[in-house]
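Asker: Handing you a structure now.
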Amino acid sequence: FTGEVRCEAPNNKLDKFTGTLTLRGEKYALDNEKMLLRGCTIRNTEWCFGLVIYAGPDTKLMQNSGKTTFKRTSIDRLMNVLVLVIFAFLALMCLILAIGNGIWEHEKGYYFQVYLPWAEGVNSASYSGFLMFWSYVIILNTVVPISLYVSVEIIRLGNSFYIDWDRKMYYPLNDTPAQARTTTLNEELGQIKYIFSDKTGTLTQNIMCFNKCSINGKSYGDVYDMSGQRIEINENTEKVDFSYNQLADPKFAFYDHSLVEAVKLSDVPTHRFFRLLSLCHTVMPEEKKEGNLVYQAQSPDEGALVTAARNFGFVFRARTPETITVVEMGETKIYKLLAILDFNNVRKRMSVIVRSPEGDLTLYCKGADTILYELLHSSCDSLKEETTEHLNEFAGEGLRTLVVAYKNLDEDYFQDWIRRHHEASTALEGREDKLSELYEEIEKDLMLLGATAIEDKLQDGVPQTIETLAKANIKIWVLTGDKQETAMNIGYSCNLLNDDMDDVFIIEGSTSDDVLNELRNARKKMKPDSFLDSDEINIQFGKSSKKPKILPDEQANGVYGLVITGHSLAYALEGNLELELVRTACMCKVVICCRVTPLQKAQVVELVKKYKKAVTLAIGDGANDVSMIKTAHIGVGISGQEGMQAVLSSDFSFAQFRYLQRLLLVHGRWSYIRMCKFLKYFFYKNFAFTLVHFWYGFFSGFSAQTVYDEWFITLYNLVYTSLPVLGMSLFDQDVGDCWSMLFPQLYVPGQQNLYFNKMVFVKCMLQGIYSSLILFFIPYGAMYNTMRSDGKAIADYQSFALMAQTCLLIVVSVQIGLDTSYWTVVNQFFIWGSLSVYFAITFTMYSDGMYMIFTASFPFVGTARNTLSQPNVWLAIFLSITLCVLPVVGFRFLKAQLKPTPSDKV
Amino acid sequence: ENKMSFLPQKEGQHPSRCPDNSAFKQQKLPAWKPQLTIATVLSTFFLTGAFCLSVGICLILSANRVREVQIDYSDKCSDCSKLRENSSNWNKECHCSVNFTLKEDILGDVFMYYGLQNFYQNHRRYVISRSDAQLLGRNVNIEKSYCAPFTTYQNGTPMAPCGAIANSMFNDTIDLFYNLKSSVIQVPLLKTGNSWWTDKNVKFHNPKAYNLSSAFAGTARPPYWWKPVYLLDEEDERNNGYLNDDFIIWMRVSAFATFRNLYRRVHRIRQFAAGLPAGNYTFHISYNFPVTKFKGRKHVILSTVVWCGGSNPFLGIAYVVSGAAATLTGFVITAIHLKLRKKKTYFQK
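Residue numbers (full-length UniProt numbering), protein chains in the order written: chain A, 1 to 906; chain B, 1 to 349.
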């Protein structure tokens, strides 16, 4: 087996390949048909010969994998900024204390050397200050929340598990639970402002049913009662009986009996129509058991058509590269397959050329109406009109339509054509062009047969979901490859568009200027002010600057929808029109983009990400949605009919579109609120903890003396305060799940980033500073120049340390209690447990036995017993707690009264 | 048996991927959902306010019952202060007397404290400058402790006890005399029982030996000390060496630069059985501890105690202020609530 393959260099085009194989002097064409991509499976054959063309990183798959961007949430980015701010704050504190130390050593320490000589090597006050800067960096570093990142990840992981575990997002029909494939984006789910949705398979089920058809000017599919009134089809409507056909698919349902009658009467156009459907496709049959046919279709539309033909008595049974076996009304016929004129996005049609057992040579073609109508023979004009009427009717019902046509071929002409076809398909250069020229040549003067209408059913609960999401102030953009009418019809049927809207703008200009005008007119209608020179955005964007600018939200004077076609979108996405598109589209409540390519989907998402400070979510089910899913802040994959590509590149996946509302309004909202509460509390507790050292510096000669026992410092974040806050951020629910579904408005604060932002952080910091002041000065005042009730001194360092740390721990525990709005057993256990553990550990560490064994480690022996028995110590502790907590209670209550948040209202 | 019938079914078909219906996994754990209602908030404020006010008043009244005499003797003994400023006079004794008059009897237990001001016992290097193991009477290498530079003498003799705290021990002696008519009676003072039990019995031990001086053989007193550690109290074996109460109290470093340590208790016998009777008194002070160099001050304090400690009014005042503030806030909240009551603050469906 010696041969030579010449082919193109490795590239990332999945749908194209050009090459030739030279074997024993003969040239064979190698095109995409003959390629197997990495990861593909071959079916229906026992063996095959193969040749590896590209390997490793050269494979199309690897070339295509692109750079997967690392997704991070806005809170992550904010956190990084805040940590930098905290570092600066730390440096500032250390600087103040270092300067303080320099002054102190100069004013007091120098003279105090009688009792405390300067450390070795220190010979000036300023040098001591310099050293003290670093000592304080070590002491005060607890203000930088190192454990924050770990805890944040744990919380996100926990909240992701809740998504996996949610039975209300489990789809029993195909046994699919929801899945959080990324565990780092949860809280962003509570902040979504734009949803970009695919249509087919996402809003609809992508289960195609052959619903109606038009054959030779007669429309089939509707059911009429005796008086000729059309009746609604429901479960009780009598189905057509296909029992005359042994090979019929029992799942197929059709209600119009007149079509069966036509088939049984051997009506020629009807037979030809179904023969075409059974021949012109790329479906693979699988018949593991006699009579049990299963079709493997690349697109569900094709599957639906072939199944329809099967039930009406034209059973596609087997296929070889050269033949197609069809059982026509019980009679097995083998057609010779001479050529397949493939489908692609430009041609929007496919044809086959077959020779019947009788020897007739026929071309069968099916495709989009717009394309196919151009290719028809002039004799079909009247039929064309009737069919067009039917087509409009079908499209008006939201059905997907195809037109079918045929042509009998002349033997000589065909022989010539097939020779040229072979030449063209082995050409190395310009093969595509040559082939499509040949295809166009033969696909003309076609005879119209009729049209098919396939229903793509809406998924359950889609209109309600969309309504709820709209109430939550989420804008929904539908990006679909379907044509405008179908897209708009689906838009109406799922409540995206409705008659209450003030206007629905349709952008379908075919030049850049047209599109610009249409966009401007739309904006003029929605917000005439936005064209004034005084408009803020105009001023801001009038100035030239290289930094990408963020568009603020604009309010339109009504409810509007926007529909834009892929063609116009291509212009609108070009440089100067970009801004115009975003401004106009973002003012609309609903945007539908039809006829868009996968790349355009991603571009639209990118556009909104670029100009809007908003979190975007893309949801889709097919491979054509992958780029959009990857681009958006959050990608959601629907595990549906179209394979797993979308799910594999998504961050969250589930089986039905309607679960999206639960994902966002319940899980997203809770995750966001929990994360915000967690961050607020975490920053607060670290500030309150650390700043006490800062105040003590002023009283201890800025000597980097810590207030607390070093064991307390070690265990504070790790043991004493970690579990209660984790408990809160895993279990807290400010309002129950049904309430957040009932009142989608509750979602809005998340979009506006209200629960955690720089302002909130500053508030936490101020509260922390206030608490630390109380926690230092109350024990200080209570101990100053006084004694215990038995006359012994009280103001020793160890007693003070114990008192301050006990105050701190109780205060932060009460604070977490205040923050917790949903006290489960676990929360109770964590909070009370942490407090008891604190006292248990403290008494153990300060016990005689520990001191005898580890003398150097536990010098606080006896402090707990001697100090915590004093009434004034407890009075001071109680006062600190009251002063730290009571203002918070009052402030929160008044805030809820004066400026109630949505969740306060519920 | 139940299990048996369950198993084959599981083998036969794929186990369902349906999540468990547990309260935990479905986030339906039973929970208590406290709300900040007007009732809870107002009762919190008013109850806390009332509690704080009453505790505050109790504290102030109690603190007022405390009788306290405080005398700054670094001022009154200025001659001695000057003498001690020059360290070359370290071996010159200096005595000083301070008179004061009690107009009323001080009844009950009377405690005598020395107070130091501007003495940074809480400086980090000072706080760590000790060897706890050495004070436990263990034979340890104090070079490894943080005692430096008060660890060993140049000839290698270790200091016992080592460290800056021990070295700077307060070494004034203060005696109290009661001038009754023309006779002078020394007020009996107790020098033991002034430290924590845990310190005396757990934290401090003398090295084991048949007598104390041999226990400390091979060590030397800290440089500022006048006598070695085993001579701190020659009269009382249980108050000598590391177990000396004055020493133990000094070693419990203070949290702040101004502090007072318990020095003696008045022994309630004879004339002093009820406390200190009114009259003229004199402190006889042997002034050894220099403070003027670092602008420090020394006090001697006589005080009684109550259940909440000494005469410090801070807690009482703080409680009264907080209580008043809480009550006031309670009224403000009531006012705001009444004003807003008519406004609807609930969602309308």
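Quick reminder that beta carbons are idealized off the backbone N, C-alpha and C, glycines included.
1) Just to confirm the assignment, what range does the beta strand (DSSP E) spanning A186 of chain B have?
2) Expressed to the nearest angstrom, what Euclidean distance is found between the alpha-carbon atoms of V825 of chain A and A31 of chain B?
3) Determine the direct distance from the alpha carbon of L136 of chain B to that of W670 of chain A, and round the result to whole angstroms.
4) Output, in chain order, the set of chain A residues within a Cβ distance shorter than 8 Å of W196 of chain B.
5) Enumerate in chain order the residues of its own chain whose CB-to-CB distance from C213 of chain A is below 7 Å, with the five nearest sequence positions on each side excluded.
6) In terms of residue numbering, what span does the alpha helix (DSSP H) encompassing C80 of chain B cover?
7) Please list the residues of the segment 322-340 of chain B that have a C-beta atom closer than 7 Å to any C-beta atom in chain A, keeping them in chain order.
8) Could you list the residues in the segment 686-717 of chain A with a C-beta less than 7 Å from some C-beta on chain B, going in chain order?
9) What do you get for F17 of chain A, buried or exposed, if any count of 16 or more other CB atoms within 10 angstroms of its CB means buried?
10) Pull up the CB-CB distance for D369 of chain A and V403 of chain A, whole angstroms please, since I reckon it's below 8 Å.
11) How far does the alpha helix (DSSP H) with S351 of chain A in it reach, from first residue to last?
12) Roughly how many angstroms lie between the CA atoms of L102 of chain B and A63 of chain B, to the nearest whole one?
13) Which two residues bound the contiguous alpha helix (DSSP H) that contains N64 of chain B?
14) Pick out the complete beta strand (DSSP E) segments inside the segment 478-527 of chain A, 3 residues or longer, and give them in chain order.
15) Taking 8 Å as the threshold (beta carbon to beta carbon), is T44 of chain B in contact with chain A?
16) For H390 of chain A, which residues from the same chain have a beta carbon less than 7 Å from its beta carbon, with the 5 sequence-adjacent residues on both sides left out?
17) If distances are taken between C-alpha atoms only, which option among B:Y263, B:Y178, B:P207, B:S183 comes closest to A160 of chain B?
18) Could you check what DSSP says for E443 of chain A in three-state terms: helix, strand or coil?
19) Give the residues of chain A in contact with S168 of chain B, contact being defined as C-beta atoms less than 7 Å apart.
20) Note the first and the last residue of the continuous beta strand (DSSP E) segment covering Y281 of chain B.
21) Give the list of continuous alpha helix (DSSP H) stretches no shorter than 4 residues that lie fully inside the segment 703-783 of chain A.
22) Who are the near neighbours of Q70 of chain B in its chain, counting only those whose CB is closer than 6 Å to its CB and skipping five residues on each side?
23) List the DSSP bridge partners of P285 of chain A.
24) So G100 of chain A contacts chain B; which residues on that side make the cut at Cβ distance below 9 Å?
25) When you check each C-beta in the segment 210-235 of chain B against every C-beta of chain A, which residues fall closer than 7 Å?
26) If you run the structure through DSSP and keep just helix, strand and coil, what is I474 of chain A?
27) Do you know how far the Cα of C594 of chain A is from the Cα of T616 of chain A?
28) Using a threshold of 8 Å, state whether the C-beta atoms of Y373 of chain A and R272 of chain A are closer than that.
29) Find the nearest neighbour of A487 of chain A within the set A:V812, A:I506, A:P528, judged by alpha-carbon distance.
30) As a quick exercise: from B:A325, B:I317, B:F289, B:S74, pick the residue whose alpha carbon is nearest that of I60 of chain B.
31) Would DSSP call Q191 of chain A helix, strand or coil?
32) Let me check one thing: in DSSP terms, what residues is W32 of chain B bridge-paired to?
33) Check the Cβ-Cβ distances between C18 of chain B and every residue of chain A, and say whether any is below 8 Å.
34) At least one CB of chain B closer than 8 Å to the CB of G781 of chain A: is that the case?
35) Against chain A, with Cβ distances strictly below 8 Å, would Y126 of chain B count as a contact?
36) Taking C-alpha atoms, which residue in A:A572, A:F698, A:F70, A:L607 lies nearest to K549 of chain A?
Answerer: A quick look at the data gives this:
1) Start at 1 with the first residue of the second sequence, and residue 186 of chain B comes out as number 186. Reading off the sequence, residue 186 of chain B comes out as Gln, not Ala. Looking at the DSSP string, the run of the beta strand (DSSP E) that includes Q186 of chain B is 183-186.
2) Taking the first sequence and counting its residues from 1, one reaches residue 825 of chain A at position 825. Taking the second sequence and counting its residues from 1, one reaches residue 31 of chain B at position 31. In a straight line, the C-alpha of V825 of chain A is about 7 Å away from that of A31 of chain B.
3) Position 670 of the first sequence, counted from the start, is the residue given in the question as residue 670 of chain A. Position 136 of the second sequence, counted from the start, is the residue given in the question as residue 136 of chain B. For W670 of chain A and L136 of chain B, the distance between alpha carbons rounds to 56 Å.
4) Mapped onto the second sequence, residue 196 of chain B falls at position 196. Result: K792, G862, N866.
5) As a working mapping, residue 213 of chain A is identified with position 213 in the first sequence. Correct list, in chain order: Y220, G221, G450, A451, T452, A453.
6) Residue mapping note: residue 80 of chain B aligns to position 80 of the second sequence, counting from 1. From DSSP, the alpha helix (DSSP H) with C80 of chain B extends over 78-85.
7) S322, A326, T329, I333, I336, H337, L340
8) F699, S700, G701, S703, A704, Q705
9) Here residue 17 of chain A is taken as the residue at index 17 of the first sequence, counted from 1. Looking at its Cβ environment, which holds 16 or more other Cβ atoms inside 10 Å, F17 of chain A is buried.
10) Sequence index remark: in the first sequence, residue 369 of chain A carries index 369 (1-based). Sequence index remark: in the first sequence, residue 403 of chain A carries index 403 (1-based). Going by Cβ atoms, the distance from D369 of chain A to V403 of chain A rounds to 5 Å, so yes, they are a contact pair.
11) For the purposes of this step, residue 351 of chain A is taken as the residue at position 351 of the first sequence. Looking at the DSSP string, S351 of chain A is not in any alpha helix (DSSP H); the run it does join, the beta strand (DSSP E), is 349-355.
12) Against the second sequence, residue 102 of chain B aligns to sequence position 102. Against the second sequence, residue 63 of chain B aligns to sequence position 63. Distance between the alpha carbons of L102 of chain B and A63 of chain B is about 19 Å.
13) Within the second sequence, numbered from 1, the residue matching residue 64 of chain B stands at position 64. Its alpha helix (DSSP H) spans residues 38-65.
14) 503-507
15) Taking the first residue of the second sequence as 1, we reach residue 44 of chain B at position 44. Interface residue, yes.
16) Within the first sequence, numbered from 1, the residue matching residue 390 of chain A stands at position 390. S214, S219, A451.
17) Stepping through the second sequence from its first residue, residue 160 of chain B is reached at position 160. Ranking B:Y263, B:Y178, B:P207, B:S183 by Cα distance to A160 of chain B puts B:P207 first.
18) Walking along the first sequence from the start, residue 443 of chain A turns up at place 443. E443 of chain A: coil per DSSP, three-state reduction.
19) What you label residue 168 of chain B is simply residue 168 of the second sequence in a count that begins at 1. Here the neighbours are Y115.
20) Here residue 281 of chain B corresponds to residue number 281 of the second sequence, with the count starting at 1. That run of the beta strand (DSSP E) goes 279-286.
21) 710-715, 722-731, 737-742, 748-751, 758-783
22) Counted from its first residue, the second sequence places residue 70 of chain B at position 70. Excluding sequence neighbours, Q70 of chain B sits near H299, I301.
23) The residue given as residue 285 of chain A occupies position 285 in the first sequence. Its beta-bridge partners are A:Y295.
24) Residue 100 of chain A sits at position 100 when you count from the first residue of the first sequence. In chain order: nothing, as chain B lies at least about 13 Å away.
25) none
26) Locating residue 474 of chain A in the first sequence gives position 474, where the first residue counts as 1. Correct three-state label for I474 of chain A: coil.
27) The residue labelled residue 616 of chain A in the question sits at position 616 within the first sequence. The residue labelled residue 594 of chain A in the question sits at position 594 within the first sequence. So the two alpha carbons sit approximately 19 Å from each other.
28) Here the question's residue 373 of chain A lines up with position 373 in the first sequence. Here the question's residue 272 of chain A lines up with position 272 in the first sequence. No, they are not a contact pair.
29) Locating residue 487 of chain A in the first sequence gives position 487, where the first residue counts as 1. For the residues A:V812, A:I506, A:P528, the minimum Cα distance to A487 of chain A belongs to A:I506.
30) As a working mapping, residue 60 of chain B is identified with position 60 in the second sequence. Checked all of B:A325, B:I317, B:F289, B:S74; the closest Cα to I60 of chain B is B:I317.
31) Residue numbering aside, residue 191 of chain A sits at position 191 when the first sequence is read from its first letter. If DSSP states are grouped into helix, strand and coil, Q191 of chain A belongs with the helices.
32) To locate residue 32 of chain B, count along the second sequence from 1; it is residue 32. A:W823, per the DSSP bridge assignment.
33) In the second sequence, the residue the question calls residue 18 of chain B occupies position 18. Closer than 8 Å to some Cβ of chain A, the Cβ of C18 of chain B qualifies, so yes.
34) Along the first sequence, read from residue 1 onward, the residue named residue 781 of chain A stands at position 781. For G781 of chain A, the answer is yes, since a Cβ of chain B falls inside 8 Å of its Cβ.
35) As a position in the second sequence, residue 126 of chain B is number 126, starting the count at 1. With 8 Å as the cut-off, Y126 of chain B counts as an interface residue toward chain A.
36) Indexing the first sequence from 1 puts residue 549 of chain A at position 549. Out of A:A572, A:F698, A:F70, A:L607, A:L607 has the C-alpha closest to the C-alpha of K549 of chain A.
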